[in-house]
Amino acid sequence: MAEDGAHPPPRHAPGWERFEELHDVEGLRRSLLGCVSRACPSWLSAQREDIVQAALVRILEALRRRGESDRPLPASYLWKVAWNATIDEIRRATRRGERGLEDLPVDPPDRAPRADPGTMHASAALGEAVRECLAAMHRPRRIAVGLHLLGHTVRELMEMQGWNEKQVRNLLHRGLKDLRACLRRKGYER
Amino acid sequence: MTRPDDIDRLREALATPRPGARPAGPCPGDDVIRAAARGELAAARREAVVDHALGCPDCTIAWRLALEMAREERGHGSDATAVAFRPADRAAAQRRARRWTPARVAVLAAAASLALVAVGLGVLWPERPAPSSGLRLAGGVAIRSLVDASRPLPRDNAVLRWEGPEVESWDVFVTTSDLTPIASAHGLTEPRYRVPPEALAGLPPGARIVWQVTGVSVADRRTISRTFVSTLD
Ligand SMILES: [Zn+2]
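Quick mapping for you: the protein sequence lines, in order, are chains A and B.
As numbered in this note's numbering, residues 174 to 363 make up the first sequence, in order.
As numbered in this note's numbering, residues 30 to 262 make up the second sequence, in order.
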């Protein structure tokens, strides 16, 4: 029987059916896939579905170990379990990717990282340049730009830092201007 | 790299490790990063974690994941992003399932594109399809893909096929691997769907498409498949 691409649900896992009855597992799978896709750099993107699949199995295992797989639990608690499972899987995938990059000359092609190594090296070099530029920036600007680069929106910056909108926009405007100027000095032209 | 002000590229760069390079100090624990990204630490401690994360690709990724999951947990303050993990609620699920029409998807996809431009974040799923729990037909007959995984789908004739319970009609929803909607169909009477070639035209060779089908039977009862993944030629 033909089967589709490589991500069957772990229905063989004991307790899976009950887990599915209690929780919106398909919704969770989608949520996690969205989170992992948005959080992970492109050099990990080929692995995101594997990461989510393995994380789902880990979540069930964690709940089973604690005797919690057969009853409804608060969403906040389950999201915490999901966090632990997913970050563990991302760290495993990251280690594989990093090892692949370091081993590149001796690895056969099918074990090499799936991202283009030249692009990865260029991206890593830009990352170093950005870090050096951030380190030289005034602290409030560095925090504002840094949080923005970590994914936070203006509104989230306001909530997190207790700044008003004008402050956030000013810090971001000036901080990003500093960053652009610094990167230009390092040879990163538009 | 020619566009230093491209925020996405800078984010990507901070999350890309340089072989042999190590961050200045030890990494904070995962739970500390999560608490910091969620705004649950005092300012001084949080900012110390920010400083570390910006210097450490692993912790950059962890921070971004914690932030994304916090948003997901909060449901973005919108019912279009129903929080997963909610216990199965048949009535609510059916209401969501009814909203999942091609016209609705198109409108939501357009809205998502606008939101994307507005916030400069990653791809948004326009609306979460109804959960599978609590929606199976009696007997719980699963829907199975009949697409041959050993061969890529020809993009000029990408036919998705599946088998499942007896139903009145089928709905199909197809996205790219980053969950951008590319095609959908409603009220199919046969368990097959040819993805329009023009919907696949912009995808690179070897791209993966993600698809899901919903069987609709009498009294609007729905059976929803899990998500299938197929590779294009
Ligand atoms: Zn670290």
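The beta carbon of each residue, even a glycine, is placed where N, CA and C say it ideally should be.
Residues of its chain near alanine 190/B, where Cβ-Cβ distance is below 7 angstroms and the 5 sequence neighbours each way are ignored: According to the sequence as given, residue 190/B is arginine; it is not alanine. For arginine 190/B, where only same-chain residues beyond five positions count, the Cβ hits under 7 angstroms are Leu175, Val176, Pro220, Arg221.
Pair within 9 angstroms by beta-carbon distance, leucine 261/B and cysteine 213/A: Taking 9 angstroms as the cut-off, the beta carbon of leucine 261/B is found no closer than this to the beta carbon of cysteine 213/A.
C-beta neighbour in chain A for glutamate 219/B, strict 9 angstroms: When Cβ-Cβ separations below 9 angstroms define contact, glutamate 219/B makes no contact with chain A.
CB contact below 9 angstroms: glycine 188/A versus chain B: No, its Cβ sits nowhere closer than 9 angstroms to a Cβ of chain B.
Pick from Leu299/A, Val327/A, Lys350/A, Asp351/A that is closest to glutamine 340/A, judged by C-alpha positions: Checking every option, the nearest Cα to that of glutamine 340/A belongs to Val327/A.
Those residues, in chain order, that have a beta-carbon closer than 6 angstroms to some heavy atom of ligand 1: In chain order, the hits are Pro52/B, Cys56/B, His81/B, Cys85/B, Asp87/B, Cys88/B.
Sufficient close CB pairs (3 or more, under 8 angstroms) joining the region 39-48 of chain B to the region 79-89 of chain B: Yes, since at least three Cβ pairs between the region 39-48 of chain B and the region 79-89 of chain B fall closer than 8 angstroms, the two stretches touch.
Which residues DSSP lists as bridging alanine 212/B, in chain order: Answer is Val203/B, bridged to alanine 212/B.
Nearest-angstrom Cβ-Cβ length linking serine 198/B and leucine 217/B, presumed shorter than 8 angstroms: Correct: roughly 6 angstroms between the Cβ atoms.
Integer Cβ distance of isoleucine 224/A from alanine 255/A, believed to fall under 8 angstroms: Beta-carbon to beta-carbon, isoleucine 224/A and alanine 255/A are separated by about 12 angstroms, too far to satisfy the 8 angstroms threshold.
Chain B residues whose Cβ lies nearer than 9 angstroms to that of leucine 233/A: Correct list: empty, because the minimum Cβ distance to chain B is about 13 angstroms.
Contact under 9 angstroms by Cβ, leucine 229/A with leucine 195/A: With contacts defined as CB atoms closer than 9 angstroms, leucine 229/A and leucine 195/A fail to qualify as a contacting pair.
Identity of the residue in Val188/B, Arg63/B, Gly244/B, Ala44/B nearest arginine 211/A by Cα: That would be Ala44/B, whose Cα lies nearest to the Cα of arginine 211/A.
Segment contact, 8 angstroms Cβ cut-off, at least three pairs: the region 52-59 of chain B with the region 69-81 of chain B: These segments touch.
Cβ contact (3+ pairs, closer than 8 angstroms) linking the region 336-352 of chain A and the region 64-73 of chain B: Verdict: no, contact absent.
Environment of valine 224/B [buried if 16+ CB atoms lie within 10 Å]: Counting of Cβ neighbours within 10 angstroms places valine 224/B among the buried residues, the total reaching 16 or more.
Neighbour-count burial assignment, serine 179/B, 16 or more Cβ in a 10 Å radius: Burial call: exposed.
Alpha-carbon spacing of alanine 73/B relative to histidine 311/A, whole angstroms: When rounded, the separation of the alpha-carbon atoms in alanine 73/B and histidine 311/A is 16 angstroms.
First through last residue of the alpha helix (DSSP H) which encompasses glutamine 220/A: Element bounds for glutamine 220/A: n/a, residue is neither H nor E.
Buried/exposed call for tyrosine 361/A, threshold 16 Cβ in 10 Å: Its Cβ being crowded by 16 or more others within 10 Å, tyrosine 361/A is buried.
C-beta neighbour in chain A for isoleucine 90/B, strict 9 angstroms: Yes, because at least one Cβ of chain A sits closer than 9 angstroms to the Cβ of isoleucine 90/B.
Local Cβ density within 10 Å of serine 213/B, reported as buried at 16 or more and exposed below that: Its Cβ being crowded by 16 or more others within 10 Å, serine 213/B is buried.
Chain A contact residues for glycine 193/B, given Cβ-Cβ distances below 9 angstroms: Chain A residues near glycine 193/B: none, gap ~13 angstroms exceeds 9 angstroms.
Residue(s) in a DSSP beta bridge with phenylalanine 257/B: Bridge pairing for phenylalanine 257/B: Trp240/B [DSSP].
Coil, strand or helix - histidine 311/A by DSSP: Looking at histidine 311/A - three-state DSSP - the assignment turns out to be coil, as it is neither helix nor strand.
Beta-bridge pairing of valine 188/B - partner residues as DSSP gives them: Answer is Arg223/B.
Proximity test, Cβ basis, 9 angstroms: glycine 207/A and chain B: Interface residue, yes.
Below-9 angstroms beta-carbon distance, valine 303/A vs any chain B residue: So yes, valine 303/A belongs to the interface.
Three-state secondary structure assigned by DSSP to leucine 232/B: Coil at leucine 232/B, not helix or strand.
Residue span of the alpha helix (DSSP H) that contains serine 210/A, given as start and end: From DSSP, the alpha helix (DSSP H) with serine 210/A extends over 198-212.
Rounded separation between tryptophan 252/A and valine 188/B - CA only: Looking at the two C-alpha atoms, the distance is approximately 37 angstroms.
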